[in-house]
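> One structure follows; several queries about it will come next.
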Amino acid sequence: MNQDDIPTQEQPAYQPKPVPKRFLVSKATLWCDRIMTKLIIGGGFTVIVAVFGILFFLLAVTLPLFKEAEVLEDVKTSPVVPTDGSWGLDASGKRPYLFRHGKEIDFLNQEDGTLTPVPFTLPDNEQITAYTYHSGLGLYPIATDAGKVGLITVKSGLNGHGDPDVETGGKPEVKVGELYPVTESGEPIGKIIGLTYADAGDKKVFVTLHQDADKVRTFVMSLEQSRSLVSDGELEPTGYFELSEQIDGKPSKILANMAGDGIVVVTDKNEIVYFAFDENTETWNKKQTIKQAFGNDEGISVCEWLFGDMSFVLGGKNGSLSIFSLYPQTQADGTTTRLFGKTKEFEPLNGPITHYISSYINRSFLVTSPTQMKLCYGTTADTRWEEPKLNFSPIQVVGNHELTSFLAQDAEGKLHRYSVDDKHPESGTKALVGKIWYEGYDAPKWMWQSVGGTDDYESKISLMPLIFGTLKGTFYALIFAVPVALLAAVYTSHFMPASVKKVVKPLMEIMASLPSVVLGFFGALYLAPKMEDKVPAIIMMAILIPAVAILFAWFWTTRPIEWRNKISHGLEYIVMIPVILIIAWVCWCYLGYWVEEPIVDMVRGVMSLWGSGDFQGTTFPELWRNGFDMAYEQRNSLVVGFIMGFAVIPVIFTISEDALSNVPPSLIAASEALGASRWQIVKTIVIPIASAGIFSALMIGLGRAVGETMIVLMATGNTPIMDWNIFNGMRTLSANIATELPEAAQGSTHYRVLFLGGLILFSLTFVLNTIAEIVRQRLRKRYHIV
Amino acid sequence: MNDTKPYEPPIIQVDDFSFFYGDKQVLHNISMDFEENKVTALIGPSGCGKSTLLRNINRMNDLVPGVHHQGDIRIDGTSLYDPKVEVISLRKRVGMVFQKYNPFPKSIYENIVFPLRVAGRNSRSELDETVERSLKGAALWDEVKDKLHQSAYGLSGGQQQRLCIARAIANRPQILLMDEPCAALDPIATLKIEDLMEDLKKDLTIVIVTHNMQQATRISDKTAFLYLGNLIEYGDTAQIFTNPKEEQTEAYITGRFS
Numbered sequence: 000m001n002q003d004d005i006p007t008q009e010q011p012a013y014q015p016k017p018v019p020k021r022f023l024v025s026k027a028t029l030w031c032d033r034i035m036t037k038l039i040i041g042g043g044f045t046v047i048v049a050v051f052g053i054l055f056f057l058l059a060v061t062l063p064l065f066k067e068a069e070v071l072e073d074v075k076t077s078p079v080v081p082t083d084g085s086w087g088l089d090a091s092g093k094r095p096y097l098f099r100h101g102k103e104i105d106f107l108n109q110e111d112g113t114l115t116p117v118p119f120t121l122p123d124n125e126q127i128t129a130y131t132y133h134s135g136l137g138l139y140p141i142a143t144d145a146g147k148v149g150l151i152t153v154k155s156g157l158n159g160h161g162d163p164d165v166e167t168g169g170k171p172e173v174k175v176g177e178l179y180p181v182t183e184s185g186e187p188i189g190k191i192i193g194l195t196y197a198d199a200g201d202k203k204v205f206v207t208l209h210q211d212a213d214k215v216r217t218f219v220m221s222l223e224q225s226r227s228l229v230s231d232g233e234l235e236p237t238g239y240f241e242l243s244e245q246i247d248g249k250p251s252k253i254l255a256n257m258a259g260d261g262i263v264v265v266t267d268k269n270e271i272v273y274f275a276f277d278e279n280t281e282t283w284n285k286k287q288t289i290k291q292a293f294g295n296d297e298g299i300s301v302c303e304w305l306f307g308d309m310s311f312v313l314g315g316k317n318g319s320l321s322i323f324s325l326y327p328q329t330q331a332d333g334t335t336t337r338l339f340g341k342t343k344e345f346e347p348l349n350g351p352i353t354h355y356i357s358s359y360i361n362r363s364f365l366v367t368s369p370t371q372m373k374l375c376y377g378t379t380a381d382t383r384w385e386e387p388k389l390n391f392s393p394i395q396v397v398g399n400h401e402l403t404s405f406l407a408q409d410a411e412g413k414l415h416r417y418s419v420d421d422k423h424p425e426s427g428t429k430a431l432v433g434k435i436w437y438e439g440y441d442a443p444k445w446m447w448q449s450v451g452g453t454d455d456y457e458s459k460i461s462l463m464p465l466i467f468g469t470l471k472g473t474f475y476a477l478i479f480a481v482p483v484a485l486l487a488a489v490y491t492s493h494f495m496p497a498s499v500k501k502v503v504k505p506l507m508e509i510m511a512s513l514p515s516v517v518l519g520f521f522g523a524l525y526l527a528p529k530m531e532d533k534v535p536a537i538i539m540m541a542i543l544i545p546a547v548a549i550l551f552a553w554f555w556t557t558r559p560i561e562w563r564n565k566i567s568h569g570l571e572y573i574v575m576i577p578v579i580l581i582i583a584w585v586c587w588c589y590l591g592y593w594v595e596e597p598i599v600d601m602v603r604g605v606m607s608l609w610g611s612g613d614f615q616g617t618t619f620p621e622l623w624r625n626g627f628d629m630a631y632e633q634r635n636s637l638v639v640g641f642i643m644g645f646a647v648i649p650v651i652f653t654i655s656e657d658a659l660s661n662v663p664p665s666l667i668a669a670s671e672a673l674g675a676s677r678w679q680i681v682k683t684i685v686i687p688i689a690s691a692g693i694f695s696a697l698m699i700g701l702g703r704a705v706g707e708t709m710i711v712l713m714a715t716g717n718t719p720i721m722d723w724n725i726f727n728g729m730r731t732l733s734a735n736i737a738t739e740l741p742e743a744a745q746g747s748t749h750y751r752v753l754f755l756g757g758l759i760l761f762s763l764t765f766v767l768n769t770i771a772e773i774v775r776q777r778l779r780k781r782y783h784i785v
Numbered sequence: 000m001n002d003t004k005p006y007e008p009p010i011i012q013v014d015d016f017s018f019f020y021g022d023k024q025v026l027h028n029i030s031m032d033f034e035e036n037k038v039t040a041l042i043g044p045s046g047c048g049k050s051t052l053l054r055n056i057n058r059m060n061d062l063v064p065g066v067h068h069q070g071d072i073r074i075d076g077t078s079l080y081d082p083k084v085e086v087i088s089l090r091k092r093v094g095m096v097f098q099k100y101n102p103f104p105k106s107i108y109e110n111i112v113f114p115l116r117v118a119g120r121n122s123r124s125e126l127d128e129t130v131e132r133s134l135k136g137a138a139l140w141d142e143v144k145d146k147l148h149q150s151a152y153g154l155s156g157g158q159q160q161r162l163c164i165a166r167a168i169a170n171r172p173q174i175l176l177m178d179e180p181c182a183a184l185d186p187i188a189t190l191k192i193e194d195l196m197e198d199l200k201k202d203l204t205i206v207i208v209t210h211n212m213q214q215a216t217r218i219s220d221k222t223a224f225l226y227l228g229n230l231i232e233y234g235d236t237a238q239i240f241t242n243p244k245e246e247q248t249e250a251y252i253t254g255r256f257s
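Quick note, the sequences are listed as chains A and B, same order.
Residues 0 to 785 (numbering that gives the first Met the number 0) make up the first sequence, in order.
Residues 0 to 257 (numbering that gives the first Met the number 0) make up the second sequence, in order.
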C-alpha cells in the first residue's frame with residue numbers, strides 16, 4: 000500500500016467546533032484584569048522604590064560627613080616672588096600680600112606675579128624692630144625702636160568672595176594705627192625683638208620681648224576702651240606689667256589669648272609657662288609650668304593657639320604633635336584649678352614641625368615639616384588630609400581666615416597655592432561614635448551639644464548619648480508595656496467572655512489611635528508633676544497590685560467548688576477590678592506617704608553601716624539626690640515609661656491578641672478534652688503556637704517605641720546624657736531631630752548629623768523588622784502555622 | 000439527684016435531657032443509658048443533635064455562648080452539673096477524639112504525655128511507660144517507635160488520628176467519646192481504627208458518632224438513632240439494622256432520607 004497516496008485524496012479540512020458563546024470571556028474583563036494586575040505590581044514596586052528612595056536620600060545627605068578634606072594645588076600659577084618679608088593672605092585667598100622692609104606692603108597679582116607696593120609711614124620716623132602676622136584679623140602687630148607697639152591693618156580691597164569691595168573699589172589699603180608705648184614711663188627698654196597681640200573686644204593686650212643687654216625681658220601692656228552710652232571712647236593703656244621675674248630662661252615664643260586674660264610663654268629651656276590675669280589684684284600670675292611637654296627632651300618648635308584659644312597646638316623638633324587644653328585639674332591640696340594638660344596626641348610628622356597655620360572659623364589647622372604637610376582637626380585629632388612627600392621645603396606658609404586656601408613658599412621664592420575643600424571637618428567616625436576629650440572637660444566623653452552660644456564653640460556631635468537615650472526610653476516603655484499588654488492579650492483572648500471581648504478590643508484599638516502629642520502633653524504637664532512626690536506610692540502599687548491579685552486568686556481557689564462554679568469562667572475580673580482599684584487608690588493617696596519616711600529611715604540606717612547615712616532629707620527624692628547622689632528630675636524615664644508604654648500597649652495588645660485568638664480551636668478543644676486547665680492550655684499550647692505573632696507584636700511595639708517622637712520630646716526633658724537612672728531624663732534620636740532640625744542650616748554639619756540620626760533610626764527599624772520577620776518565619780515553621 | 004436503686008447505675012445515664020443554643024432547642028427530652036465496655040453508636044442525619052449530645056457528656060459545650068440545658072446527665076450516678084463537679088476532672092475521666100485529627104505541634108512523645116504533664120506527672124519512667132502502652136493500645140507503636148521525638152505532623156492522616164486516640168487514652172479515661180473519628184480518613188485507615196475500637200472497649204466505654212451505617216454495624220454493640228433532636232430508637236445494633244421498630248429508623252438506614 001502506498002502511503003503517499005493518502006494525502007492526495009481530497010478530504011475536507013477538520014474544523015474545530017466553535018466555543019459556545021456562554022463560555023467566552025469578554026474583552027473588557029480581560030483588559031480590566033490585565034490593567035489591574037499591572038497596577039497592583041506597579042503599586043508594589045512604588046512602595047519598594049519609595050523605601051529605597053528614602054534610604055538613598057538619607058545616604059546622600061549623610062555621606063559627606065565621612066568625606067576627607069580635598070586639598071588641591073593650583074599648578075597653573077605659581078609665581079616666583081621675593082623671599083624677604085612676611086606674607087599675608089586676604090579673606091578670599093585671592094590677593095596675597097608681602098610685608099617688606101618695614102615700610103611697604105606689596106600686593107601680588109597672582110596672574111602675572113607682579114607686586115604692587117602700597118607704602119606706609121610711621122610717625123616720627125620710627126623704625127620697625129619686630130612684627131608678626133595675625134591671619135585671623137588680617138593685620139600686622141608691630142613694635143618700633145621707640146619702644147612702642149601698634150597695628151598695621153591691611154585691606155586687600157576684595158571681599159570674602161574675591162570680588163572688588165564696594166567701599167574701596169578693589170583698591171588695597173594699608174592703615175597704620177596709633178602707637179602706644181609698652182612701658183608706663185614711655186621710655187624704651189632695650190630693643191623689642193618679638194611681640195604678640197590679642198584682641199578681646201574692649202580690651203587689647205600686647206606682649207613684647209625686649210633684648211636688654213644679654214637678658215630677654217617680657218612685658219605686658221593692656222589697652223582698654225572705656226565705652227559710654229554716647230561714644231565708643233578712646234583706647235587707653237590700663238596696665239603695664241613685667242613677667243620677666245616669673246620666667247626662668249629666655250622666652251622664645253609668646254601667646255596671648257583672645258579673652259585677654261591668659262598668656263603662654265615658651266622658653267629656650269623648653270618650658271611652657273602659663274600666666275593668668277588676676278582681676279582683683281590686676282596682676283599677671285604664673286599658674287603653671289609645663290616641663291618636658293612631649294614626655295621627653297624633645298624641643299618645642301611650634302606653639303600656637305587653636306581656634307577658641309582654649310587650647311594650644313604644640314609641635315616638636317622631632318615631629319611630635321599634640322594639643323594642650325585648659326581643663327579643671329585637682330591640685331595636691333585638693334583645690335581644682337583650670338590648667339593646661341595634654342588632651343590629644345597626633346601621629347608624629349617625619350621631621351621637625353616648621354610651620355603652623357590655623358582656621359579662624361573652626362579647629363582645623365595645617366602643620367608642615369620640611370617634607371610633609373598635614374591638615375588636622377583639633378577636636379577629633381583626625382588627620383583630614385596629608386601630603387606625605389612634599390617635593391619642596393616650605394620657608395613660609397600662610398593661610399586665609401577660614402583656611403580655605405593657603406600659600407607655601409619654597410626656598411627659590413616660588414609660591415605654591417593650595418585650595419582646601421573641607422566642609423565637615425568636625426565630623427567623622429571618631430566624632431560621631433568615639434569618646435572625645437573636649438576642651439574644658441577633664442576626661443574623654445560621649446557628648447551631644449551641637450550648638451553653643453559663641454562663635455568659637457566646640458560642637459559635640461557624638462550620637463552615642465542619643466542612641467543611648469533612644470534605647471533607654473524604649474527599655475523603660477517596654478518594661479512597663481510588655482507585661483501589661485501581653486497579659487491583657489492572653490486574658491482577652493482566652494479567659495474573657497466573648498461578649499466583653501467585643502467591647503474591650505475596639506476600645507484598645509481606639510487607645511492606639513490617641514495622638515501621641517496628647518499623650519506627651521498629658522505626661523509632661525499633668526503626670527510628671529503629679530508623680531514627682533508619688534514615687535513610694537508607685538513602688539507600693541507595683542508591689543501590692545500583683546501581690547494582692549495573686550493573694551486574691553489563691554484565696555479564690557480555696558473557696559468551695561460550688562462558689563467557684565457560680566461565677567462562670569472569665570468573669571473573675573468583676574471581683575478583681577474593685578480590689579485592684581481600692582489598692583491603687585490607697586497606695587496613691589495614703590500608703591505612699593505613710594511608708595515614705597520609714598523607708599528613708601531604714602535606708603539611712605543600712606547606709607550608715609558603711610558610713611554614708613548622714614544625708615539630709617526625709618522624702619524619697621531627697622534620699623535619691625542626697626543619699627544616692629543621683630539626679631532626680633520631674634520629667635524622667637519613669638514618666639516616659641508610663642506614657643510611652645501607654646502608646647505601645649495597644650499596638651502589642653492588638654497584634655498579640657490576634658495571634659492568640661487565631662490558634663486553631665481544634666487544638667484548644669483537644670487540650671480541653673484532655674483535662675488541661677485554661678492556664679495550662681494557654682501556657683503549653685496557645686503561647687507556643689502564637690509565639691510568632693507575639694514576637695511580631697513585640698517587635699512592632701519596639702519599633703513604635705524607638706521611633707516615637709512627641710512623647711519623648713515633651714516628657715523627657717531632652718537632656719542628652721548617658722545615665723540609666725530611672726529618675727533622670729534622656730534625649731532620643733527622634734526627639735533630637737524634632738528639636739534641632741528647624742534651627743540647623745541646610746547642608747551644614749549639624750544638619751547632616753541630624754539626618755544621620757534619621758538614617759540610624761531607619762536602619763534600626765529596618766534591622767529590627769528583618770530580625771522579627773526571620774524569627775517569625777522560623778517559629779511559624781516550627782509550629783506549623785499557616 | 001441520686002437514684003438509690005439496688006443495682007449499679009449505668010455508666011452514663013442521660014435523663015430527660017434537653018439542650019438549647021440560645022432560643023434554639025437542639026435536643027428534646029432525651030433519656031438513654033450507655034452500657035459499660037460497649038461501643039454505642041449515635042447515628043442520624045446532619046443536624047440531628049448527635050454531636051451535641053456527645054459533646055455534652057464531657058461538657059465541651061459549656062463555653063459556647065448562650066447555651067443552657069434541662070434535665071441531667073449522670074456518670075456513675077453523679078450529675079455532671081452538680082455544683083461540686085470540677086470540669087477539668089470530668090474531662091480527665093471522659094476522653095474525646097475529634098472528627099479532624101488534631102495533634103499538637105509537638106513531638107509524638109509530647110503529644111501523648113500531654114495529659115500526664117498537665118496533671119503534674121512528670122516522672123520519666125511513668126511517661127515512657129504511658130507512651131508505649133498508649134501507642135500499643137492505639138496500634139501505632141510499631142509504626143512510630145523509632146521516631147517518637149519527631150514532629151507529630153510528619154505522620155499520615157490515619158496515623159495522626161490514631162495518635163490522637165493514643166493521646167486520649169493515655170490517662171486511662173473511663174469513657175471515650177468519638178466524634179466521627181474516621182470522617183477525614185481513607186478506607187484503610189478507617190479499618191485500622193475500627194479494629195482498634197474493638198480492642199479498646201475491653202477497658203473503656205466508647206460512644207461514637209458516625210454517618211457511616213456500615214461502620215456502625217461493624218463496630219457498635221448498641222445504636223441510637225436521633226432525628227431532629229429527638230431520640231427515635233435505641234437498641235442493640237443488630238436489631239436496629241435488621242428489624243427497626245420505627246418507620247423513620249428504617250427509612251434512614253435504608254437510605255431513603257438522610
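Each residue gets a CB set at the ideal place from its N, CA and C atoms; glycine is no exception.
Which residues in the same chain have their Cβ closer than 6 angstroms to the Cβ of residue 656 of chain A, if we skip the five residues on either side of it in sequence?
Within the first sequence, numbered from 1, the residue matching residue 656 of chain A stands at position 657. Counting only Cβ-Cβ distances below 6 angstroms, and skipping sequence neighbours, we find 488, 491 and 492.
> Tell me which residues of the stretch 112-137 of chain B have at least one Cβ-Cβ distance to chain A shorter than 8 angstroms, keeping chain order.
113, 114, 116, 117 and 118
> Sort A:256, A:365 and A:353 by Cα distance to residue 325 of chain A and report the nearest one.
As a working note, residue 325 of chain A is residue 326 in the first sequence. Out of A:256, A:365 and A:353, A:256 has the C-alpha closest to the C-alpha of residue 325 of chain A.
> To the nearest angstrom, how far is the alpha carbon of residue 275 of chain A from that of residue 748 of chain A?
Along the first sequence, read from residue 1 onward, the residue named residue 275 of chain A stands at position 276. Along the first sequence, read from residue 1 onward, the residue named residue 748 of chain A stands at position 749. Those two C-alpha atoms are separated by around 34 angstroms.
> With C-beta atoms as the reference, is residue 48 of chain B less than 8 angstroms away from residue 254 of chain B?
Within the second sequence, the letter at position 49 stands for residue 48 of chain B. Within the second sequence, the letter at position 255 stands for residue 254 of chain B. Going by C-beta atoms, residue 48 of chain B is not nearer than 8 angstroms to residue 254 of chain B.
> At a CB-CB cut-off below 7 angstroms, which residues of chain B make contact with residue 671 of chain A?
Position 672 of the first sequence, counting from 1, holds the residue named residue 671 of chain A. Simply 59 and 90.
> Say whether chain E places a C-beta atom closer than 8 angstroms to the C-beta of residue 196 of chain B.
Absent from the structure is chain E; the protein chains it does hold are A and B.
> By the 10 Å Cβ neighbour count, where 16 or more other Cβ atoms means buried, how is residue 778 of chain A classified, buried or exposed?
Here residue 778 of chain A refers to the residue found at position 779 of the first sequence. Buried is the call here.
> Mind checking which residues open and close the beta strand (DSSP E) that includes residue 342 of chain A?
For this step, residue 342 of chain A is matched to residue 343 along the first sequence. Its beta strand (DSSP E) spans residues 335-345.
> Between residue 192 of chain B and chain A, is there a C-beta pair that is closer than 8 angstroms?
Sequence index remark: in the second sequence, residue 192 of chain B carries index 193 (1-based). No, its Cβ sits nowhere closer than 8 angstroms to a Cβ of chain A.
> If distances are taken between C-alpha atoms only, which option among B:124, B:106, B:197 and B:164 comes closest to residue 145 of chain B?
Taking the second sequence and counting its residues from 1, one reaches residue 145 of chain B at position 146. Selected option, being the one with the closest Cα: B:106.
> In terms of residue numbering, what span does the beta strand (DSSP E) encompassing residue 14 of chain A cover?
Counted from its first residue, the first sequence places residue 14 of chain A at position 15. Residue 14 of chain A -> no beta strand (DSSP E), and no H or E assigned at all.
> Under DSSP, the beta strand (DSSP E) around residue 172 of chain A begins and ends at which residues?
Along the first sequence, read from residue 1 onward, the residue named residue 172 of chain A stands at position 173. Counting along the chain, the beta strand (DSSP E) containing residue 172 of chain A begins and ends at 172-175.
> Roughly how many angstroms lie between the CA atoms of residue 164 of chain B and residue 671 of chain A, to the nearest whole one?
The count along the second sequence starts at 1 and reaches residue 164 of chain B at position 165. The count along the first sequence starts at 1 and reaches residue 671 of chain A at position 672. The straight-line gap from Cα to Cα measures roughly 15 angstroms.
> Taking all protein chains shown into account, do 16 or more other C-beta atoms lie within 10 angstroms of the C-beta of residue 762 of chain A, making it buried, or fewer, making it exposed?
Here residue 762 of chain A refers to the residue found at position 763 when the first sequence is read from its first residue. Exposed.
> Please classify residue 0 of chain A: does DSSP put it in a helix, a strand, or coil?
As a first step, residue 0 of chain A must be located in the first sequence, where it is residue number 1. Residue placement at residue 0 of chain A is flagged as unreliable, the pLDDT there being 47, under the threshold of 50; the coordinate-derived value follows with that caveat. Correct three-state label for residue 0 of chain A: coil.
> What's the gap between the Cα of residue 62 of chain A and the Cα of residue 750 of chain A?
To locate residue 62 of chain A, count along the first sequence from 1; it is residue 63. To locate residue 750 of chain A, count along the first sequence from 1; it is residue 751. Going from the Cα of residue 62 of chain A to the Cα of residue 750 of chain A covers about 12 angstroms.
> If we cut at 8 angstroms on Cβ distances, does residue 668 of chain A have a partner in chain B?
On the first sequence, residue 668 of chain A is found 669 positions in, with the first residue counted as 1. So yes, residue 668 of chain A belongs to the interface.
> Can you check DSSP and say which residues form a bridge with residue 106 of chain B?
The count along the second sequence starts at 1 and reaches residue 106 of chain B at position 107. According to DSSP, residue 106 of chain B bridges with B:150.
> Kindly say whether residue 490 of chain A, judged by its beta-carbon, lies nearer than 8 angstroms to any beta-carbon of chain B.
Start at 1 with the first residue of the first sequence, and residue 490 of chain A comes out as number 491. Residue 490 of chain A does not count as touching chain B.
> Going by beta-carbon coordinates alone, are residue 193 of chain A and residue 104 of chain A separated by less than 8 angstroms?
In the first sequence, residue 193 of chain A corresponds to position 194, counting from 1. In the first sequence, residue 104 of chain A corresponds to position 105, counting from 1. When the beta-carbon positions are compared, residue 193 of chain A and residue 104 of chain A stay at least 8 angstroms from each other.
> Smallest Cα separation from residue 835 of chain A: which of B:88, B:50 and B:64?
Absent from the structure is residue 835 of chain A, since the part of chain A shown begins at 0 and ends at 785.
> Closer than 8 angstroms, CB to CB, is residue 776 of chain A near chain B or not?
Taking the first sequence and counting its residues from 1, one reaches residue 776 of chain A at position 777. Judged by the 8 angstroms Cβ criterion, residue 776 of chain A is not in contact with chain B.
> Closest by CA to residue 69 of chain A, which one among A:421, A:134, A:145 and A:703?
Taking the first sequence and counting its residues from 1, one reaches residue 69 of chain A at position 70. Checked all of A:421, A:134, A:145 and A:703; the closest Cα to residue 69 of chain A is A:421.
> My output table needs one value for residue 462 of chain A: the three-state DSSP class, helix, strand or coil.
The count along the first sequence starts at 1 and reaches residue 462 of chain A at position 463. Note: residue 462 of chain A maps to coil in three-state DSSP.
> For the structure I just gave you, are there three or more beta carbon pairs, one from the stretch 37-46 of chain B and one from the stretch 198-213 of chain B, closer than 8 angstroms?
yes
> Per DSSP, residue 314 of chain A is paired with what?
In the first sequence, residue 314 of chain A corresponds to position 315, counting from 1. Answer is A:301 and A:320, bridged to residue 314 of chain A.
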